[in-house]
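Asker:
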Amino acid sequence: AGDATSLGGLAGSLPDNFYELSPAEAKAMAQASAARRAEDETLRTKATREAMAAKKKRRYRKALVRVRFPDGVIIQATFSVKAPVSLLLQWVSECLREPAHAFELALPRCKPLTNLEASLEAAELAPAALLNFRLSDIEQFHPPYLTAQLLGQGQTLSDATQAYPQGFGA
């Protein structure tokens with residue numbers, strides 16, 4: 001409430017010409033609008049539109065992946081975005097106390113990762129992702145899920161520093 005009041009006070013103290021467009025701003029807006037119209041008028045195939053969108057999309061070199069276990073423990077690692085999903089699954093398996101158990105990883109409220117040959121970028125895990133660890137229904141594997149060595153290296157996160165990658169929330 002305090003911020004809204006102070007912003008309202010600022011708006012009252014601004015000169016009337018603050019809201020007027022300068023000729024340079026008006027010209028830039030007109031050019032941007034004309035460029036958008038020209039781009040929209042051209043007929044393109046779906047593949048061409050997707051290729052153009054891919055060119056505009058920001059490229060990342062690394063992906064920060066966190067895996068949340070049912071007992072609340074979270075592990076994290078950084079991978080190349082070109083690494084296959086199978087490498088991520090192999091890393092999680094190596095972290096398990098009993099690596100032979102069948103498991104799957106899934107984004108919250110999503111289907112599990114199934115395309116093991118896909119890159120982390122293609123699986124939309126870049127620049128960061130929080131995955132849930134799930135055991136298959138027939139598996140009997142109880143906490144702690146991770147090796148004692150890995151648990152010994154762990155840090156307790158406070159509520160102030162949530163265990164979510166930047167840009168992800170609960």
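Residue numbers for the sequence shown follow full-length UniProt numbering, beginning at 1 and rising by one. All C-beta atoms in this analysis are idealised placements derived from N, C-alpha and C, irrespective of residue type, glycine included. Bear in mind that the values here come from a model prediction, so they are computed numbers and not experimental data.
Using the three-state DSSP reduction, which class does arginine 58 fall into: helix, strand or coil?
Answerer: Three-state DSSP puts arginine 58 in coil, outside helix and strand.
Asker: Do glutamate 41 and histidine 101 have their CB atoms nearer than 7 Å?
Answerer: No, the Cβ-Cβ distance between glutamate 41 and histidine 101 is not below 7 Å.
Asker: Where are the alpha helix (DSSP H) runs, 4 residues long or more, that stay fully inside the stretch 77 to 158, in chain order?
Answerer: Counting whole runs of 4 or more residues, the stretch 77 to 158 contains the alpha helix (DSSP H) stretches 85 to 95 and 148 to 152.
Asker: Might you give, ordered along the chain, the residues of its own chain that have their beta carbon closer than 7 Å to the beta carbon of glycine 8, omitting 5 neighbours on each side?
Answerer: Residue placement at glycine 8 is flagged as unreliable, the pLDDT there being 48, under the threshold of 50; the coordinate-derived value follows with that caveat. There are no such residues.
Asker: From Glu98, Glu104 and Leu157, pick the residue whose C-alpha is nearest to that of phenylalanine 141; which is it?
Answerer: Ranking Glu98, Glu104 and Leu157 by Cα distance to phenylalanine 141 puts Glu98 first.
Asker: Let me check understanding here. Comparing Cα to Cα, which of Glu94, Leu105, Glu25 and Leu116 lies closest to glutamine 149?
Answerer: When only C-alpha atoms are compared, the closest one is Glu94.
Asker: Indicate whether the contact test is met: 3 or more Cβ pairs, each with one atom in the stretch 45 to 56 and one in the stretch 105 to 119, closer than 8 Å.
Answerer: No contact exists between the stretch 45 to 56 and the stretch 105 to 119.
Asker: With residue 171 as the anchor, note down where its alpha helix (DSSP H) starts and where it stops.
Answerer: Since the first residue of the chain shown is 1 and the last is 170, residue 171 is not available in this structure.
Asker: Quick check on the burial criterion: 16 or more other C-beta atoms within 10 angstroms. Buried or exposed for leucine 116?
Answerer: Under this definition leucine 116 is an exposed residue.
Asker: Tell me whether arginine 68 sits in a helix, a strand or coil according to DSSP, three-state version.
Answerer: DSSP places arginine 68 in strand when its eight states are reduced to three.
Asker: Can you tell me the Cα-Cα spacing of arginine 37 and leucine 43, whole angstroms?
Answerer: Arginine 37 and leucine 43: Cα-Cα distance of roughly 12 Å.
Asker: Considering only their Cβ atoms, is the gap separating leucine 120 from alanine 51 smaller than 7 Å?
Answerer: For alanine 51 and leucine 120, no; Cβs fall outside 7 Å.
Asker: Would you report the Cα separation of leucine 14 and arginine 59, rounded to the nearest angstrom?
Answerer: Their Cα atoms are separated by approximately 40 Å.
Asker: Could you check if leucine 131 is buried or exposed, using at least 16 other CB atoms within 10 Å of its CB as the buried criterion?
Answerer: That one is buried.
Asker: Please go through the same chain and pick out, in chain order, the residues whose beta-carbon is closer than 6 Å to the beta-carbon of proline 143, but skip the five residues on each side of it.
Answerer: Same-chain partners within the cutoff: Asp71.
Asker: Give me the Cα-Cα distance between proline 127 and valine 65, rounded to the nearest whole angstrom.
Answerer: Cα to Cα, proline 127 sits roughly 8 Å from valine 65.
Asker: Among Ala26, Trp91, Ala118 and Val73, which one has its Cα closest to the Cα of glycine 154?
Answerer: That would be Val73, whose Cα lies nearest to the Cα of glycine 154.
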